[in-house]
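Student: Position in the sequence shown counted from 1, then plus 526, gives you the working numbering.
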Amino acid sequence: MRERRIFLTILLLLTAVLLGTALTACGGQEAATPEVKEVVKTVEVVKTVVVTVEVTPEATEATEEAAAEEPLLTDEEFEKAKQIYFDRCAGCHGVLRKGATGPSLEPENTRRLGTNNLASIIFNGTAKGMPDWGKQGVLSEEETILMAKYVQMDPPMPPEMSLEQMKEAWEVIVPPEERPTEPQHSRNWKNFFVVILRDAGKVAVIDGDTKEVVNIVESGYATHIVRMSKSGRYVYTIGRDGKVGLIDLWMETPDLVAKTKVCYDARSVDTSKYAGYEDKYAIVGCYWPPHFVILDGETLEPFKIVSTRSYTYDTEEYHPEPRVASIVASHAKPQWVVNVKETGQVWLVDYSDPNNPTIKMLEAERFLHDGGWAMEWNGTQRVGLSPYFLVAANMRNKVVVVNTEDEKIEAIVPVGTKPHPGRGANWVHPEYGPVWATGHLGDNFIALIGVDPEGHPDQAWKMVARIELPAAGNLFIKTHPNSPYLFVDFPITNDEKMQRSVCAINKETLETEKCWEVADYGRAVHFEFNQDGSEVWVSVWGKIDAPEGQQGEVVVYDAQTLEEIARIPNLPTATGKFNVFNTMNDIY
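#1: Could you spell out where the alpha helix (DSSP H) holding Ala674 opens and where it closes?
#2: If you measure between the beta carbons of Val928 and Ile935, is that distance less than 8 Å?
#3: Which of the three DSSP states is assigned to Gly617 in this structure?
#4: Three Cβ pairs or more, each shorter than 8 Å: is that satisfied between the region 675-693 and the region 707-718?
#5: Is Val926 near Glu891, with beta carbons less than 8 Å apart?
#6: Using a threshold of 8 Å, state whether the C-beta atoms of Leu622 and Pro815 are closer than that.
#7: Run through the DSSP bridge pairs and tell me what Ser836 is partnered with.
#8: Under DSSP, the beta strand (DSSP E) around Gly771 begins and ends at which residues?
#9: Take Ile831 and list the residues in its own chain whose beta-carbon comes closer than 7 Å to its own, dropping the five residues that flank it on each side.
#10: Where are the alpha helix (DSSP H) runs, 4 residues long or more, that stay fully inside the region 682-737, in chain order?
#11: Nearest CA to the CA of Ala792: which residue from Asp822, Gly746, Ala801?
#12: If we count Cβ pairs, one from each stretch, closer than 8 Å, do we get three or more for the region 1043-1053 versus the region 1021-1035?
#13: CA-CA distance, Gly898 and Asp796?
#14: Of all the alpha helix (DSSP H) runs that stay within the bounds of the region 991-1034, which reach a length of 4 or more residues?
#15: What's the C-alpha gap between Gln1057 and Pro880?
#16: Using the three-state DSSP reduction, which class does Gln871 fall into: helix, strand or coil?
#17: According to DSSP, simplified to helix, strand and coil, what is Ser646?
#18: Can you tell me whether DSSP reads Gln609 as helix, strand or coil?
#19: Taking the alpha-carbon positions, what's the Gln609 to Leu916 distance?
#20: Spatial neighbours of Phe1016 within its chain, please: CB distance less than 7 Å, with the 5 preceding and 5 following residues excluded, ordered by chain position.
#21: When we look at the beta-carbon of Glu584 and count the other beta-carbons within 10 Å, is it buried (16 or more) or exposed?
#22: How would you call Glu556, buried or exposed, if buried means at least 16 neighbouring beta carbons within 10 angstroms?
#23: Provide the residue span of the alpha helix (DSSP H) that contains Thr1109, from first to last.
#24: For Ile699 and Val770, which I take to be in contact (beta-carbon distance under 8 Å), what is that distance rounded to the nearest angstrom?
#25: Could you pull out every residue in the same chain whose Cβ sits closer than 8 Å to the Cβ of Asn642, ignoring the five residues on either side in sequence?
#26: By how many angstroms is the C-alpha of Gly625 removed from the C-alpha of Arg614?
Structure (structure tokens):
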């Protein structure tokens, strides 16, 4: 048999194809020609050493044997790697590593790549969303090698969680009857901002008028989102560790009044918003165990668990880990819209009888993630929410339109690579009428979707325009009816300057007005407006162990002139932020 000579880089390409998307943390699962092209680009980023390898039958057999072997870790190393995986990897790849926003990291795939190639990708990241954990300084070289070995091992089966365990963690710090009946301070609490201090496991309550930090409150590890009660008085926080907290903004110093833990990994929380049920119930959507939990809205006492384990809508295959992604509350019905990621189903959950909830399952698209409501307009004046909820199916490069009034899927709109809207952005365009927009993790443009089937039927449920951007890696976009601009960030691009930059897009011309660096460190991420839309706030996401002055801050800009107004320093790992008035009224 004749001998062949190949290069290690070619081996990397071939094995990456087997993985589907070169192990990008926000990459796809299905091999396709565009993905193969992206692998070629990835190789330019990854530090590969071209090595000539002589492949003989004996070498091939040895390689196959090596790929079949599971790397060995000590108990201490295994526990450390398990925690790192939970903190940094599980969100995209899944607790069981079956993939979602990122590809499958099951051993049958990862062992084909081997430790060195895996380590290169983990350390350097990729162009389509995989963070450069090593280059960022989040993982050391030793930890990178550790994780490269860990993902080649069989994933440990995490524990379940019972209602009894949830109630053991439940604590009412201030009972409802002992809480104030009116605000105990003179601040404009509807213009408070709640800023997530991600790696500190806290949130900062900031006065939007004075820019003062009113209090810093424990909230659980890597708080993912914040939602407000219907009245705006209460703040609901949800951490990636499954801890949910309730903060009362009427207290003299806003603070926790109740807390519990309903799962080991979570992403979403909301309350009942329909008339007659205002804040009576809360709901938490979990990644692991895959379920949602209904709680008392004033005390956070958990009382109902509903598993989301089910079958994929398209192939009807059983999935052991269908995670709950975004949840929104309808204002028109006693109903939550629950998006189940892996099975591709939208669940309309009627909470009028919460111990016996009625659930209508809509077949949508797989890998549902985040989304927001389209708005109702009177001319260019926002008058409320439309019945249409738009949610990204980011691994299928589509946006699903849910008609909550008729309880059906209205449309599925193809967009760019890995849409990630946050809650999206709404405005009235002079040509296309009312639009809703999303950015993308893997493409350098913003997609505009027409959302007015009555007034602009020719534009409805189509991508009517695209706004070109200077880089991919957008995570959040935001606008306000009183601002002429759409704001865009780039925190997961591989370009370090763009990571620190944001752009303002003119909403009428769809042209870039200005791009600028927000800080000389960290990553600029996430936008929020103040109550009247005159200011836009952006976070600088630093590192928790960075020198003082480089751990994080919030920068405030004039939403009309784009001039800097203020900096609010010393906010470690500041990321998402939520204005009370805008969040309670779904203004985005």
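Note that beta-carbon positions come from the ideal geometry of N, C-alpha and C, so glycine has one too.
Tutor: Once the coordinates are examined:
#1: 667-676 is the extent of the alpha helix (DSSP H) around Ala674.
#2: Going by C-beta atoms, Val928 is nearer than 8 Å to Ile935.
#3: Helix at Gly617.
#4: The region 707-718 and the region 675-693 do not touch, with fewer than three beta-carbon pairs separated by less than 8 Å.
#5: The answer is yes: Cβ separation under 8 Å.
#6: Cβ atoms of Leu622 and Pro815: not closer than 8 Å.
#7: Bridge partners of Ser836: His845.
#8: Counting along the chain, the beta strand (DSSP E) containing Gly771 begins and ends at 769-774.
#9: These residues qualify, in order along the chain: Leu689, His817, Val819.
#10: Restricted to the region 682-737, the alpha helix (DSSP H) segments that are unbroken, complete and at least 4 residues in length are 689-695, listed in chain order.
#11: The alpha carbon of Ala792 has as its nearest neighbour, out of Asp822, Gly746, Ala801, the alpha carbon of Gly746.
#12: Cβ pair count under 8 Å is three or more, so yes.
#13: Computed Cα separation, rounded: 13 Å.
#14: Counting only runs of 4 or more residues that sit fully inside the region 991-1034, the alpha helix (DSSP H) segments are 1022-1025, in chain order.
#15: One C-alpha to the other measures close to 33 Å.
#16: In the structure shown, Gln871 falls within a strand segment according to DSSP collapsed to helix, strand and coil.
#17: Here Ser646 sits in helix by DSSP.
#18: In the structure shown, Gln609 falls within a helical segment according to DSSP collapsed to helix, strand and coil.
#19: Distance between Gln609 and Leu916, taken at the CA atoms: about 33 Å.
#20: Ala997, Gly999, Asn1000, Met1024, Gln1025, Ser1027.
#21: Low confidence applies to Glu584: its pLDDT is 45, below 50, so where it sits in the model is not reliable enough to give any reading.
#22: Reliability of the predicted coordinates at Glu556 is poor, the pLDDT of 34 falling under 50, and the value obtained from them is presented with this limitation in mind. Glu556 should be labelled exposed.
#23: Looking at the DSSP string, the run of the alpha helix (DSSP H) that includes Thr1109 is 1106-1110.
#24: Incorrect: roughly 13 Å between the Cβ atoms, too far for contact.
#25: Taken in chain order, the residues that qualify are Ala674.
#26: When rounded, the distance between both Cα atoms is 14 Å.
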